[in-house]
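Structure record follows, encoded as structure tokens.
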Amino acid sequence: NAGVMQNPRHLVRRRGQEARLRCSPMKGHSHVYWYRQLPEEGLKFMVYLQKENIIDESGMPKERFSAEFPKEGPSILRIQQVVRGDSAAYFCASSPGGGNTEAFFGQGTRLTVV
Amino acid sequence: AQSVTQPDIHITVSEGASLELRCNYSYGATPYLFWYVQSPGQGLQLLLKYFSGDTLVQGIKGFEAEFKRSQSSFNLRKPSVHWSDAAEYFCAVGRPGGTYKYIFGTGTRLKVLA
């Protein structure tokens, strides 16, 4: 059973470009979470999705950021018109949802905006 | 406000010495508690978790943690550190009954001297 798969592992974008980060949850997991880790900081919650639904996006910036988790395919975190401050590691986690479970994290995508 | 505090940003220990990493939290109720380790350039690996029951929790790689409700603490310990333990350690809390919206501390970076 493969773990949470994120790609790409590293992404370089120029200011003003779009960044698309993909996350395939563990098999059987229908809950996905995105976190952002800025340099020298801990992870900060961004958004929580279930299949085709955004449950909580309270940690996501209101502009330029969006997330989806379609019925088929991976979850996508999209950042439009990237700025230098978007440079960070973006981690995806998944869980089967509910009860006494924990979230399993992917290895992250390190976004660098130049 | 809900928060997690890891008061030690950096800790250096000699190989073979004992280790204790501190974690204090502020939360409305007793949360789920986690310790994760992040090696350079890698994702997060779960070391151990506390949901309920025995307040001394055993984890992987010889780590253990003790939940102390009266002190709102969940300190991580290891009796004898190995050079491969050098990494960054994150304490996190989550909502009881689910995996939703973890709150992470800012991390403690562990350096191990040969």
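Residue numbers (the numbering used here), protein chains in the order written: chain A, 779 to 892; chain B, 222 to 335.
The beta-carbon is built from N, C-alpha and C at its ideal position, and this holds for glycine as well.
Q: Using 10 angstroms around the beta-carbon of P786/A, count the other beta-carbons present and answer buried if the total reaches 16, otherwise exposed.
A: Sequence index remark: in the first sequence, residue 786/A carries index 8 (1-based). Classification of P786/A: exposed, given that the 10 Å Cβ count is below 16.
Q | For T251/B and S802/A, the rounded distance between their alpha carbons | A | The count along the first sequence starts at 1 and reaches residue 802/A at position 24. The count along the second sequence starts at 1 and reaches residue 251/B at position 30. Rounded to whole angstroms, the gap between the alpha carbons of S802/A and T251/B is 31 Å.
(Q) Within 9 Å of any Cβ in chain A, is that where the Cβ of I324/B sits? (A) Reading the second sequence from its first residue, position 103 is the one you call residue 324/B. Yes, I324/B counts as interfacial toward chain A.
(Q) What residue range does the beta strand (DSSP E) around L821/A cover? (A) Numbered from 1 along the first sequence, position 43 holds the residue referred to as residue 821/A. Per DSSP, L821/A belongs to the beta strand (DSSP E) from L821 to Q828.
Q) Looking at the structure shown, is I832/A part of a helix, part of a strand, or coil, going by DSSP? A) As a position in the first sequence, residue 832/A is number 54, starting the count at 1. Strand at I832/A.
Q: Could you tell me which chain A residues have their CB closer than 7 Å to the CB of G264/B, listed as they occur along the chain?
A: Your numbering for residue 264/B matches position 43 in the second sequence. Using a Cβ-Cβ cut-off of 7 Å, G264/B is close to F869, F883, G884, Q885 and G886 of chain A, given in chain order.
Q. Where do the N-terminal and C-terminal ends of the beta strand (DSSP E) with F288/B fall, by residue?
A. If you number the second sequence from 1, residue 288/B lands on position 67. Element bounds for F288/B: E285 to K289.
Q) From this set, P317/B, G249/B and V302/B, which residue's C-alpha is nearest V333/B's C-alpha? A) Your numbering for residue 333/B matches position 112 in the second sequence. Checking every option, the nearest Cα to that of V333/B belongs to V302/B.
Q) From the DSSP output, which residues share a beta bridge with Y811/A? A) For the purposes of this step, residue 811/A is taken as residue 33 along the first sequence, with counting starting at 1. Y811/A is bridged to Y826/A and A871/A.
**Q.** Cβ-based contacts, 9 Å cut-off: residues of the stretch 818 to 852 of chain A near chain B
**A.** E818, E819, G820, L821, K822, F823, Y826, I833, D834, S836 and G837
Q: Name, in chain order, the residues that DSSP records as bridge partners for G315/B.
A: Residue 315/B sits at position 94 when you count from the first residue of the second sequence. Answer by DSSP bridge pairing, in chain order: Y253/B.
Q) Candidates H809/A, L789/A and A780/A: which alpha carbon is nearest T890/A's? A) Here residue 890/A refers to the residue found at position 112 when the first sequence is read from its first residue. Closest by alpha carbon: L789/A.
**Q.** Helix, strand or coil at I857/A [DSSP, three-state]
**A.** Residue mapping note: residue 857/A aligns to position 79 of the first sequence, counting from 1. Note: I857/A maps to strand in three-state DSSP.
Q: Give a yes or no on contact between the stretch 311 to 330 of chain B and the stretch 238 to 253 of chain B, applying the rule of three or more CB pairs nearer than 8 Å.
A: yes
**Q.** For Q292/B, three-class secondary structure by DSSP
**A.** Here residue 292/B refers to the residue found at position 71 of the second sequence. Of the three classes helix, strand and coil, the one that applies to Q292/B here is helix, per DSSP.
Q: Compute the Euclidean distance between the alpha carbons of A238/B and N245/B, then round it to the nearest angstrom.
A: Here residue 238/B corresponds to residue number 17 of the second sequence, with the count starting at 1. Here residue 245/B corresponds to residue number 24 of the second sequence, with the count starting at 1. Rounded to whole angstroms, the gap between the alpha carbons of A238/B and N245/B is 23 Å.
Q) What do you get for I230/B, buried or exposed, if any count of 16 or more other CB atoms within 10 angstroms of its CB means buried? A) Counting from one through the second sequence, the residue named residue 230/B turns up at place 9. I230/B is exposed by the Cβ-count criterion.
Q | Per-residue contacts from K270/B into chain A (C-beta, under 7 Å) | A | Here residue 270/B refers to the residue found at position 49 of the second sequence. By Cβ distance, chain A contributes E880.
Q. Since I854/A contacts E841/A with CB under 8 Å, what's their CB separation in whole angstroms?
A. Mapped onto the first sequence, residue 854/A falls at position 76. Mapped onto the first sequence, residue 841/A falls at position 63. Actually they do not touch by this definition, with Cβ atoms about 17 Å apart.
Q. Is I230/B helix, strand or coil by DSSP?
A. Stepping through the second sequence from its first residue, residue 230/B is reached at position 9. If DSSP states are grouped into helix, strand and coil, I230/B belongs with coil.
Q | For F279/B, the residue or residues it bridges with in DSSP | A | Working through the second sequence from its first residue, we reach residue 279/B at position 58. Note on residue identity: the sequence assigns Gln, not Phe, to residue 279/B. Answer is E285/B, bridged to Q279/B.
Q. How is the beta strand (DSSP E) around T887/A delimited, first residue to last?
A. In the first sequence, the residue the question calls residue 887/A occupies position 109. Per DSSP, T887/A belongs to the beta strand (DSSP E) from T887 to V891.
(Q) What does the Cβ neighbour count give for A313/B, buried or exposed, with the cut at 16 atoms within 10 Å? (A) Counting from one through the second sequence, the residue named residue 313/B turns up at place 92. So A313/B ends up on the buried side.
Q.
So if DSSP puts E880/A in a beta bridge, which residue, or which two residues, is it bridged to?
A. Translated into the one-based positions of the first sequence, residue 880/A becomes position 102. Its beta-bridge partners do not exist; DSSP assigns none.
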